[in-house]
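Numbering (the numbering used here), first residue to last: 42 to 284.
All C-beta atoms, glycine included, are put in the ideal place defined by N, C-alpha and C.
Below: one structure, written as structure tokens.
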């Protein structure tokens, strides 16, 4: 790594938290309360699949700035129609939509983040809005030093202004930031903005039967590859102590 790292910024959905299991659980619970039976795994996957297309409406200008909570709600309205669910009232919809505020962390996340925080500034750099990320951190115990949201830039990753905003707000050069993500596209975009990169594979982000391996050629372009956040903390500590 060519520049000393001062701060780590993290993708959140899929990298730090297991969105899929959490959304399946809450969808199933609300469905059971309404005596509605559906394939809640497919429901969660379909909801997540709308994430990119709805954000692209904002990124491409066909929809004015809209935060992720509102995009999730718009996607949910479509989803309920597609799954032929008519019995969710407004309170049910609002409650289910805020399930994205209550996602559980991966087992290594809290330990790894606490270890990293001993030596670095750590923050999310997520497309989630400030309220979502704050509520999630409070509930899950994510020990962020601050919350960095794409909402602050009124843009969505992988737009370059989101990554540049993070460096500017932290008072750092882009190369002093390490972007941590399980998604190669996020990391490649952050590289273009001058950030260093760490890849953490989450092969079962989309379920046990949907292993999403990333090819070795792509991984080779990142500065660090770690098996999880604890391992990332260990690698950075070893690198720092070796200097």
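| field | Cβ-based burial, residue 223 [other Cβ within 10 Å; buried from 16] | value | buried
| message | Within a Cβ cutoff of 6 Å, which residues of the same chain sit near residue 168, ignoring the five residues on either side of it in sequence? | response | 109, 191, 197, 198
| query | By Cβ distance, which residues of its chain are closer than 7 Å to residue 128, with the 5 residues on each side in sequence left out? | reply | 75, 77
| Which listed residue (53, 60, 47) has its alpha carbon closest to that of residue 248 | 60
| message | Under 8 Å: do the stretch 267 to 276 and the stretch 231 to 249 share three or more Cβ pairs, one atom per stretch? | response | yes
| To the nearest angstrom, how far is it from the Cα of residue 122 to the Cα of residue 263? | 41 Å
| field | Spatial distance of residue 105 from residue 213 (CA atoms) | value | 30 Å
| query | In terms of residues, what are the limits of the alpha helix (DSSP H) holding residue 175? | reply | 171 to 181
| Cβ pair residue 228, residue 210 closer than 8 Å | no
| Span of the beta strand (DSSP E) around residue 221 | 218 to 222
| said: For residue 45, count the other beta carbons within 10 Å of its own beta carbon; 16 or more makes it buried, fewer makes it exposed. Which is it? | reply: exposed
| said: For residue 145, list the residues DSSP reports as bridge partners. | reply: 59
| 6 Å Cβ shell around residue 137 - same chain, five flanking residues per side excluded | 71
| Going along the chain, which residues of its own chain have a beta-carbon closer than 8 Å to the beta-carbon of residue 216, five neighbours each way excluded? | 43, 44, 235, 236, 237
| request: Could you have a look at residue 234 and say whether DSSP puts it in helix, strand or coil? | output: coil
| Would the stretch 49 to 66 and the stretch 165 to 181 be scored as touching if the rule is three or more Cβ pairs under 8 Å? | yes
| query | Is it buried or exposed for residue 103, if we count other Cβ within 10 angstroms and need 16 for buried? | reply | exposed
| Are the beta-carbon atoms of residue 186 and residue 158 separated by less than 8 Å? | yes
| message | According to DSSP, residue 266 sits in a beta bridge with which residue or residues? | response | 240
| Where does residue 180 land, buried or exposed, given buried means 16+ other C-beta within 10 angstroms? | exposed
| field | Buried/exposed call for residue 63, threshold 16 Cβ in 10 Å | value | buried
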